[in-house]
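In what follows, a structure is listed as structure tokens, so that the remarks can point back to it.
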């Protein structure tokens, strides 16, 4: 196989065959808010604010930097799409993006938390937060 060539992926492929059951690996495209071949976006089960979303790569890895460059780009493209859709649907004054890396075998997650006018949110510890500014 030529260098840089990726095997075609199957929409139902699971990257965690030998890993304990992972909710993010088992999500079907129709269950996600947005689904691509490389990543999914879905509402946080316990949101900090309205439209708190999670972006997860399709491949089960513990840290963002375990993803290859193409996968990182796909995750960032999905984070950008989520921000755009949320900003179009409600008034925001910015976004906080959180990297929830986990070296203990859990799935890496990217939190997309909109900042809403007049609301102050305490961001959870243990996640590396970045102020993504306005829309």
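Numbering (the numbering used here), first residue to last: 4 to 138.
Built from N, CA and C at the ideal position, the CB exists for glycine as well.
It should be emphasised that the depicted structure is a prediction, and the values quoted were computed from it without experimental measurement.
Next on the checklist: Measuring only the C-alpha atoms, how far is residue 46 from residue 70?
Outcome noted: Position 43 of the chain shown, counting from 1, holds the residue named residue 46. Position 67 of the chain shown, counting from 1, holds the residue named residue 70. Distance from the CA atom of residue 46 to the CA atom of residue 70, rounded to whole angstroms, is 22 Å.
Checklist entry - What whole-angstrom Cβ distance do residue 43 and residue 59 have, given they're in contact under 8 Å? => result The residue labelled residue 43 in the question sits at position 40 within the chain shown. The residue labelled residue 59 in the question sits at position 56 within the chain shown. About 6 Å separates the beta carbon of residue 43 from that of residue 59, a gap short enough to meet the 8 Å contact definition.
Item to check | Residues bridged to residue 58 (per DSSP) | outcome: Within the chain shown, residue 58 is the residue found at index 55, counting from 1. The partner list for residue 58 (beta bridge, DSSP) reads 44 and 113.
Checklist entry - Between the beta-carbon of residue 97 and the beta-carbon of residue 136, is there less than 7 Å? => result One-based indexing of the chain shown puts residue 97 at position 94. One-based indexing of the chain shown puts residue 136 at position 133. In this structure, residue 136 lies closer than 7 Å to residue 97 by Cβ.
Checklist entry - To which residues does DSSP link residue 78 through a beta bridge? => result As a first step, residue 78 is located in the chain shown; it is residue number 75 there, counting from the start. Residue 78 pairs with nothing; no bridge assigned.
Next on the checklist: With a threshold of 7 Å on Cβ separation, who are the neighbours of residue 82 within its own chain once the five nearest residues in sequence on each side are excluded?
Outcome noted: Your numbering for residue 82 matches position 79 in the chain shown. Listed in chain order, the non-local C-beta contacts of residue 82 below 7 Å within the same chain comprise 58, 100, 113 and 115, local neighbours out to five positions each way being set aside.
Checklist entry - With a Cβ-Cβ cutoff of 7 Å, do residue 41 and residue 61 count as a contact? => result Taking the chain shown and counting its residues from 1, the one referred to as residue 41 is at position 38. Taking the chain shown and counting its residues from 1, the one referred to as residue 61 is at position 58. Contact: yes.
Item to check | Straight-line gap, residue 126 to residue 77 (C-alpha atoms, nearest Å) | outcome: Within the chain shown, the letter at position 123 stands for residue 126. Within the chain shown, the letter at position 74 stands for residue 77. Rounded to the nearest angstrom, the two C-alpha atoms are 25 Å apart.
Checklist entry - Between which two residues does the beta strand (DSSP E) containing residue 103 stretch? => result For the purposes of this step, residue 103 is identified with residue 100 of the chain shown, where counting begins at 1. Where residue 103 is concerned, the enclosing beta strand (DSSP E) starts and stops at 97-103.
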